Ligand SMILES: Cc1cc2nc3c(=O)[nH]c(=O)nc-3n(C[C@H](O)[C@H](O)[C@H](O)COP(=O)(O)OP(=O)(O)OC[C@H]3O[C@@H](n4cnc5c(N)ncnc54)[C@H](O)[C@@H]3O)c2cc1C
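Numbering (the working numbering), first residue to last: 120 to 437.
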């Protein structure tokens, strides 16, 4: 293989690939169009598999704080009916700015070249240039938007004390509250366009009760959950998984690590997730958008909490 590789995109997939190659003596240059710490829209819910990959990549010592353990979930089927269940194995709450920066520092520690504020416009060939530029933006109206805010520690409703992660529906979308390492909640909204954020915040009593305490952080417009096959494409550049069930961070790290291994062994990369898994995630996502089906999910989870736990294991431990 070539002894010099260019990676476009310094997110999770690009940096995972870069670290693995750099560890094995390949000289890697990563172009990241922004500067660290990056501002991402993300639920900041890291599956156990994702945390293991972050540790394998040697990024843990560069995290300023240990992640928070996420052990209990509250799922709202509508405005007032909810069920709590356990996450087994537990997941982690970790801010993206800490995670992406830790990977970037690890890459630099290995001698890699990181070009920040460097927009890469060339094509990828999967051999000398790898494309990890994240979700393609869509011009169309029929797309999804993401919005993220922080809820300061102490500003959460008192009944949140018994749970670490809360999921609730909003019109044409949903919202997740996830506790992160500094005690704050990450509040992440995902909804179909057209969207008026203030209307979504007013649409559920839990959100309406804390809306004036939210600190808006970042927003992204017009993306869709799709596959974008092509040579050398990694992470969201290749497949945008629905966040509710998709485990995108873990998959991005795995895809980067596998691409590096394939380059080192001079073979095509193996798929790190199956088409069946992608279809399952998209189907579950679509089902969760339906209010009657959420009610069924609520009743089933109340009677058989193990079903919710095994669904979590199936979709979020990749
Ligand atoms: C609303 C929302 C919530 C989510 N919540 C979760 C969650 O809670 N848990 C989870 O596991 N997953 C979640 N995901 C999915 C997860 O965020 C992604 O799957 C993951 O970030 C993909 O990593 P990546 O490296 O492929 O892309 P990214 O993290 O997007 O990285 C791509 C990088 O490329 C850079 N770039 C773009 N264009 C260029 C260019 N031309 N030149 C140079 N650099 C460029 C970008 O600035 C970016 O830093 C969520 C996704 C969304 C949309």
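Ideal placement from N, C-alpha and C gives every residue a C-beta, glycine not left out.
Because the structure is a prediction, the values reported are computed rather than measured.
Nearest-angstrom beta carbon gap, residue j and residue i [assumed within contact, 8 Å]
{"i": "residue 333", "j": "residue 226", "result": "Incorrect: roughly 33 Å between the Cβ atoms, too far for contact."}
{"i": "residue 320", "j": "residue 310", "result": "The pair is not a contact, with the Cβ atoms about 11 Å apart (cut-off 8 Å)."}
{"i": "residue 247", "j": "residue 121", "result": "5 Å"}
{"i": "residue 256", "j": "residue 358", "result": "The pair is not a contact, with the Cβ atoms about 16 Å apart (cut-off 8 Å)."}
{"i": "residue 184", "j": "residue 300", "result": "4 Å"}
{"i": "residue 160", "j": "residue 267", "result": "5 Å"}
{"i": "residue 165", "j": "residue 298", "result": "Contact doesn't hold; Cβ gap of about 12 Å is too wide."}
{"i": "residue 279", "j": "residue 420", "result": "At roughly 19 Å, the Cβ-Cβ gap does not stay under 8 Å, so residue 279 and residue 420 are not in contact."}
{"i": "residue 305", "j": "residue 347", "result": "With a Cβ gap of about 27 Å, residue 305 and residue 347 do not count as contacting."}
{"i": "residue 366", "j": "residue 262", "result": "Going by Cβ atoms, the distance from residue 366 to residue 262 rounds to 21 Å, so no, they are not a contact pair."}
8 Å Cβ cutoff met for residue i and residue j
{"i": "residue 283", "j": "residue 328", "result": "no"}
{"i": "residue 352", "j": "residue 360", "result": "no"}
{"i": "residue 150", "j": "residue 237", "result": "yes"}
{"i": "residue 375", "j": "residue 354", "result": "yes"}
{"i": "residue 196", "j": "residue 406", "result": "no"}
{"i": "residue 215", "j": "residue 163", "result": "yes"}
{"i": "residue 377", "j": "residue 389", "result": "yes"}
{"i": "residue 139", "j": "residue 380", "result": "yes"}
Ligand 1 heavy atom lying under 7 Å from the CB of residue i
{"i": "residue 331", "result": "no"}
{"i": "residue 170", "result": "no"}
{"i": "residue 377", "result": "no"}
{"i": "residue 152", "result": "yes"}
{"i": "residue 180", "result": "no"}
{"i": "residue 251", "result": "yes"}
{"i": "residue 224", "result": "no"}
{"i": "residue 368", "result": "yes"}
{"i": "residue 304", "result": "no"}
{"i": "residue 239", "result": "yes"}
{"i": "residue 118", "result": "Any property of residue 118 remains undetermined from this structure, which presents the chain solely from 120 to 437."}
{"i": "residue 362", "result": "yes"}
{"i": "residue 254", "result": "yes"}
{"i": "residue 371", "result": "yes"}
{"i": "residue 265", "result": "yes"}
{"i": "residue 136", "result": "no"}
Three-state class that DSSP yields for residue i in the structure shown
{"i": "residue 240", "result": "coil"}
{"i": "residue 360", "result": "coil"}
{"i": "residue 373", "result": "helix"}
{"i": "residue 335", "result": "strand"}
{"i": "residue 141", "result": "helix"}
{"i": "residue 279", "result": "helix"}
{"i": "residue 184", "result": "coil"}
{"i": "residue 207", "result": "strand"}
{"i": "residue 216", "result": "helix"}
{"i": "residue 167", "result": "helix"}
{"i": "residue 273", "result": "coil"}
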